[in-house]
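**Student:**
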Amino acid sequence: GAEQLAQGATAAQGGAAQLSTGTGELRGGTAELADGTEELADGATGLADGTGELAEGLLMGAGAVPDLDGERVGPALAQPVVSESDRMNRSPGGATDPAPIVVALALWVGALATYLVARALPPHLLAGASSAGRVVRAGLVPGVVLGLAQAFLLAVALPLFGVRVVSPVAAVALTVLAAVVFAAIHQALVALWGRTGWVVSLLVLAVQAASLGGLVPVDTAPVVFQWFNGVLPVPMVVDGLTHLVLGGDVGSRAAVVAGLAAWGVLAVALSVWAARRRQQVTVTGLRRELAPA
32 GAEQLAQGAT AAQGGAAQLS TGTGELRGGT AELADGTEEL ADGATGLADG TGELAEGLLM
92 GAGAVPDLDG ERVGPALAQP VVSESDRMNR SPGGATDPAP IVVALALWVG ALATYLVARA
152 LPPHLLAGAS SAGRVVRAGL VPGVVLGLAQ AFLLAVALPL FGVRVVSPVA AVALTVLAAV
212 VFAAIHQALV ALWGRTGWVV SLLVLAVQAA SLGGLVPVDT APVVFQWFNG VLPVPMVVDG
272 LTHLVLGGDV GSRAAVVAGL AAWGVLAVAL SVWAARRRQQ VTVTGLRREL APA
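When we follow my numbering, the leftmost residue of the sequence shown carries the number 32, and every step to the right adds one.
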């Protein structure tokens with residue numbers, strides 16, 4: 032019995048300790064509750080002040096609303112809303128809409144076909160004492176002649192298919208410039224890479240056709256195609272011809288001409304570089320053949 036009494040006393044002491052701890056936690060929680068109650072009271076006061084300010088602002092706004100007279104407002108509300116639209120590039124439809132794209136692609140393919148047959152750099156001039164510039168000029172002549180003939184045929188044939196051009200003289204001039212530049216570009220491609228230049232031309236043509244916006248509008252196309260549309264020669268020609276065929280104030284003729292001129296200068300410079308390189312190779316081969324055994 033004494034042992035059970037001792038165990039009970041020990042348990043009573045443990046319970047007293049737990050009771051003391053719980054009492055301390057209760058006091059701490061009571062203090063936190065008091066602090067939270069004070070913060071809640073402060074927030075309620077701020078809410079009341081804000082509600083009062085909102086009410087005053089609404090009253091002031093209601094006072095500022097003018098008193099509309101039904102007799103004056105009625106006729107104004109009865110007036111129909113008229114919307115006027117003015118298209119800057121009116122198209123007559125039919126064959127006129129695709130004409131700029133057809134012309135640009137036809138000129139590119141025509142220049143490619145020219146240098147499938149003609150030599151970009153005449154071999155007899157490379158082997159002689161001609162300068163690189165003369166070699167390039169001689170190789171460019173067939174491309175320019177056939178390009179001009181193609182531009183003339185397009186200028187004559189398109190009106191027969193119902194194409195109406197607002198600025199025909201400027202459109203023909205741009206077509207001629209594009210034919211010359213495309214010939215120079217293809218001469219450079221073939222002069223640099225030979226037959227591989229034909230493949231490069233077809234690949235570049237595919238990229239340019241994709242960037243024209245026929246399948247996907249340019250504004251919603253990937254950024255890379257938007258960039259191609261602004262710098263590659265075929266889209267430049269399409270933009271310029273669209274402006275000249277349809278009219279309006281959209282586009283810049285000077286920018287198109289400057290862009291094509293830059294492509295032409297770059298192409299001629301690359302052809303001259305390729306001609307000089309070929310001439311150096313030819314001279315080196317002659318020296319080897321003439322050297323004594």
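Just so it is clear, CB atoms sit at the ideal spot from N, CA and C, and this is done for glycine as well.
#1: Mind pulling the beta strand (DSSP E) runs of 3 or more residues that sit fully within the segment 62–91?
#2: Please classify residue 192: is it buried, with 16 or more other beta-carbons within 10 angstroms of its beta-carbon, or exposed?
#3: Could you compute how far the alpha carbon of residue 158 sits from the alpha carbon of residue 221?
#4: Using the C-alpha atoms, what's the distance from residue 151 back to residue 178?
#5: Assuming residue 136 contacts residue 240 under a Cβ cut-off of 8 Å, what Cβ separation, rounded to an integer in Å, is found between them?
#6: Between 154, 207, 53, which has its C-alpha nearest residue 184's C-alpha?
#7: Only counting the same chain, and skipping five residues up and downstream in sequence, which positions put a Cβ closer than 8 Å to that of residue 140?
#8: Our contact map puts residue 263 next to residue 283 with C-beta atoms below 8 Å; I'd like the distance itself, whole angstroms only.
#9: Go ahead and pull the three-state DSSP assignment for residue 256.
#10: Assuming the contact rule is C-beta atoms closer than 8 Å, residue 234 and residue 301 should be a hit. Round their C-beta distance to whole Å, please.
#11: Relative to the C-alpha of residue 275, which residue among 85, 258, 132, 77 is closest?
#12: Since I believe residue 181 is in contact with residue 210 (beta carbons under 8 Å), could you give me their beta-carbon distance rounded to a whole number of angstroms?
#13: Answer yes or no: do residue 194 and residue 202 have a C-beta to C-beta separation smaller than 7 Å?
#14: Under 8 Å Cβ to Cβ from residue 272, same chain only, skipping five residues before and after it: list those, please.
#15: Is DSSP giving residue 51 helix, strand or coil here?
#16: What does the Cβ neighbour count give for residue 270, buried or exposed, with the cut at 16 atoms within 10 Å?
#17: Do you know offhand how far residue 215's Cα is from residue 125's?
#18: In the structure shown, what three-state DSSP assignment does residue 45 receive?
#19: Cβ of residue 163 within 7 Å of Cβ of residue 307?
#20: With DSSP as the reference, label residue 295 as helix, strand or coil.
#21: Taking the alpha helix (DSSP H) that residue 183 belongs to, which residues open and close that run?
#22: In whole angstroms, give me the CA-to-CA distance for residue 62 and residue 48.
#23: Considering residue 129, what are the terminal residues of the alpha helix (DSSP H) in which it resides?
#24: Taking just the CA atoms, how far does residue 166 sit from residue 128?
#25: Return the first residue and the last residue of the alpha helix (DSSP H) that residue 204 is part of.
#26: With a threshold of 16 other CB atoms inside 10 Å of the CB of residue 51, please say whether the residue is buried or exposed.
#27: Under the three-state reduction of DSSP, which class applies to residue 59: helix, strand or coil?
**Tutor:** Reading from the atomic positions:
#1: As far as the segment 62–91 is concerned, it has no whole beta strand (DSSP E) run of at least 3 residues.
#2: When all chains shown are included, residue 192 counts as exposed.
#3: Take the alpha-carbon of residue 158 and the one of residue 221: they are about 18 Å apart.
#4: Pairing residue 178 with residue 151, the inter-Cα distance amounts to about 15 Å.
#5: Between residue 240 and residue 136 the Cβ distance is about 7 Å, and since that is below 8 Å, they are a contact.
#6: Of the candidates 154, 207, 53, the one whose C-alpha sits nearest the C-alpha of residue 184 is 207.
#7: Cβ within range, chain order: 236.
#8: Their Cβ separation, rounded to whole angstroms, is 16 Å, which puts residue 263 and residue 283 out of contact at 8 Å.
#9: Three-state result, residue 256: helix.
#10: Going by Cβ atoms, the distance from residue 234 to residue 301 rounds to 17 Å, so no, they are not a contact pair.
#11: Of the listed residues, the one whose Cα sits closest to residue 275 is 132.
#12: Yes, they are in contact, since the Cβ atoms of residue 210 and residue 181 sit about 6 Å apart, within 8 Å.
#13: Contact flag unset, no.
#14: Around residue 272: 130, 131, 134, 135, 202, 205, 206.
#15: In the structure shown, residue 51 sits in a helix (DSSP, three-state: H, G or I).
#16: With 16 or more other Cβ atoms within 10 Å, it is buried.
#17: The alpha-carbon of residue 215 is positioned some 33 Å away from that of residue 125.
#18: The answer is helix: DSSP assigns residue 45 an H, G or I state.
#19: Contact: yes.
#20: In the structure shown, residue 295 adopts helical secondary structure according to DSSP, grouped into three states.
#21: Residues 163–191.
#22: Looking at the two C-alpha atoms, the distance is approximately 22 Å.
#23: Neither: residue 129 is in no alpha helix (DSSP H) and is coded neither H nor E.
#24: Each residue's alpha carbon lies about 40 Å from the other.
#25: Counting along the chain, the alpha helix (DSSP H) containing residue 204 begins and ends at 199–224.
#26: Residue 51 is exposed by the Cβ-count criterion.
#27: Shown here, residue 59 sits in a helix according to DSSP, grouped into three states.
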